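Step one of this worksheet: look at the structure below.
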């Protein structure tokens, strides 16, 4: 016997599988609360139980809307008012992990258990558990400044995969703490904060020309000095916020150069510490960049499927708080992780999204300084690399050849890396002479750099050429690599 709709006084608390219909999936993907409500009203459960959909008058009463208001809400443009979105989600008991916005302050959201389980990844290095103040509604205090500085003064990585996972979850779901003025030390004003920011930008550009093993000490020293300033100085909240942003950006750089130096555990430690600083500063795009860069590292040296989930966490967690160009950067790393995981369709979809986002980027948008390097050539290089990973060298070659025309030997590491991908594509196509020529070029550039990443690419090319070891040009290449000290005889 069917129940009467008018006996339904309030929405039920449904399990997550209730929200897995195709209509819900489309509505959540489009980030359209009106369509979510319509999918709720026409759910097969309601049709079975009541013989018809829930009417707009009933659901409107739950949401404090008239029938006409709800009709416009469902059929009009997506609602952007955060409080309205939070209200609808709360009334209808929508699962937080499906939402594209943060819910009310104090409410903790964790992604699905599948995401939680899959984000457990392994990296080299000894670790121990630490505690970072990321409690909802708490203040960022002098004690937290001391803890942040201590984390960055250690020579051993303290974050393990569980610590980073917890930080990623909390960054996504909690409102940021407030920074309190530190009551000791010399006063620091906006001028000093600006100077620190300029130094960070200068060091970032050093990375264009200096590889990880040479730059690591410089970046770590600057990171520790800036963290000490946060710890010991006295400043107003706005200045403290800028200093924490600088610490977060330096942690991203420190992670990046440690990754390039082959110190993967240390890199993950800096990324994890940087997430804390970015979160405290309420800089969501920066937190996303730290998570996204960590995903890129894991795609290369860990489990690519873990990298996919981390990269998508950065995209989802940042949402529309980031510029189109920034989101294009994050989506590039999603594409690469999918490619490394052998997921062709997902990688191609992500690459198309990169192109769309980059095309919509505008000079009128205030971009974060750390995205300055992303241009059309870089996007073509990443697409080419993805196609190599997916076993589609014929699509990679024209992209990589065109992009390499825009680079000079001054950026030796980038030229070495990108040329190595072109060499690999040519080898995959059976163009051994051209592949070796490109590999030799990459080798000579690598010999000028202190980049473990570049060294590893040369070793991979040597492996790719083993089936052709009887060829004199291949054996000459291997001997040359050994003579330059890039590849060692085993």
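Residue numbers (our numbering): 1 to 490. Heads up, the beta-carbon is just placed ideally off N, CA and C, and yes, glycines get one too. Since the model is a prediction, treat every value here as computed from it, not as a measurement.
Setting aside the 5 residues that flank it on each side, residue 399 is surrounded in the same chain by 380, 381, 383, 384 and 387, each with a C-beta closer than 8 Å to its C-beta; the list follows chain order. Residue 316 has its alpha-carbon roughly 23 Å from the corresponding atom of residue 246. In this structure, residue 403 places its C-beta atom within 8 Å of the C-beta atom of residue 418. About 6 Å separates the beta carbons of residue 243 and residue 193, which is inside the 8 Å limit, making them a contact pair. Within the DSSP secondary-structure output, residue 187 pairs in a beta bridge with 234. Between the segment 458-469 and the segment 427-443, the count of Cβ pairs shorter than 8 Å is three or higher; the stretches touch.
With a cut-off of 8 Å on Cβ pairs, the segment 391-398 is not in contact with the segment 353-367, counting fewer than three such pairs. Contact check for residue 213 and residue 452: beta-carbon distance about 7 Å, within the 8 Å limit, so the pair qualifies. Per the coordinates, the alpha-carbon of residue 43 lies some 16 Å from the alpha-carbon of residue 95. Excluding five sequence positions before and after residue 468, the CB atoms of its chain that fall closer than 7 Å to its own CB belong to 432 and 474, given in chain order. Around the beta carbon of residue 373, fewer than 16 other beta carbons lie within 10 angstroms, which makes this residue exposed.
Take the alpha-carbon of residue 211 and the one of residue 448: they are about 10 Å apart.
Judged by their CB atoms, residue 255 and residue 271 are nearer to each other than the 8 Å cut-off. Taking 4 residues as the shortest admissible run, the segment 3-39 contains the following complete alpha helix (DSSP H) segments, listed from N- to C-terminal end: 22-29.
Of the other Cβ atoms in all chains shown, 16 or more fall within 10 Å of the Cβ of residue 204; this residue is therefore buried. Where residue 478 is concerned, the enclosing alpha helix (DSSP H) starts and stops at 472-483. By the neighbour-count definition (other C-beta atoms within 10 Å, threshold 16), residue 16 is an exposed residue. The Cβ-Cβ distance between residue 277 and residue 240 does not fall below 8 Å. Distance from the Cα of residue 416 is smallest, within the candidate group 470, 441 and 435, for 441. By the CB criterion at 8 Å, residue 199 and residue 261 fall outside the cutoff. Between the alpha carbons of residue 375 and residue 97 lies a distance of about 33 Å. Of all alpha-carbon atoms in 450, 406, 459 and 409, the one lying nearest the alpha-carbon of residue 424 is that of 459. DSSP places residue 407 outside both helix and strand once states are collapsed to three, so it counts as coil.
Judged by their CB atoms, residue 79 and residue 33 are nearer to each other than the 8 Å cut-off.
Secondary structure of residue 323 (DSSP, three-state): coil.
Distances from the CA of residue 38 to each of 11, 20, 73 and 48 were compared; the closest alpha carbon is that of 73.
DSSP places residue 62 in the uninterrupted alpha helix (DSSP H) bounded by 56-63. Assignment of residue 364 by DSSP, reduced to helix, strand and coil, places it in the coil class.
In this structure, residue 310 keeps its C-beta atom at 8 Å or more from the C-beta atom of residue 268. Each residue's CA atom was taken as its position, placing residue 258 and residue 221 some 13 Å apart. Apart from the 5 residues on each side of it in sequence, residue 367 sits with its Cβ closer than 6 Å to the Cβ of 323 and 325 in its chain, given in chain order.
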